[in-house]
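Take a look at the structure set out below.
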Amino acid sequence: MITETPTPVENRTEAIPIIYVVIGVVVLIILGIALAAGILFLASNYSAELEAVRDVFIIALALESCVFGVVLMLMLIMLIRLVNTVEFEIKPILEQTNETIGTVRGTTNFVSKNVIDPVVKTKSYVVGVRQGLRALFGDPRKNLPD
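Just so we're aligned, residue 38 is where the sequence shown starts under the working numbering, counting upward by one.
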């Protein structure tokens, strides 16, 4: 039974025609020029109103920076808590794991030296004696190595 391995689906992104990119860039340039012209027009004719709008934006940016400051403080507190968690909770667990690994390594060495080695030696002696008895008392035609 032959099974075909599924081929990964390729990312198929359709290429955007170059005309759309050119149109988008031209529109952005026109909007930028219009915005600059509008600001210059407002600055020359409505300077008092423009100053009021500027002041409102300055106040909004100040409030935004305060909010960002609070968020950064909260993130700093969370980072400090994370470091404390790693240092005082995860580090002792890793140390206990290392101790357990050392114990397992010692147990493995002990079992290897005191259990497995004697069993292997005994088994090899038994197999040797069995082969010797088979060679002495068995069928001579079956004594040839397989």
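Beta carbons: idealized from backbone N, C-alpha and C, even for Gly.
So, with DSSP's three-state summary, where would you put residue i?
{"i": "residue 83", "result": "coil"}
{"i": "residue 52", "result": "coil"}
{"i": "residue 143", "result": "helix"}
{"i": "residue 176", "result": "coil"}
Please report how far the alpha carbon of residue i lies from the alpha carbon of residue j, in whole angstroms.
{"i": "residue 69", "j": "residue 104", "result": "30 Å"}
{"i": "residue 128", "j": "residue 136", "result": "13 Å"}
{"i": "residue 172", "j": "residue 163", "result": "14 Å"}
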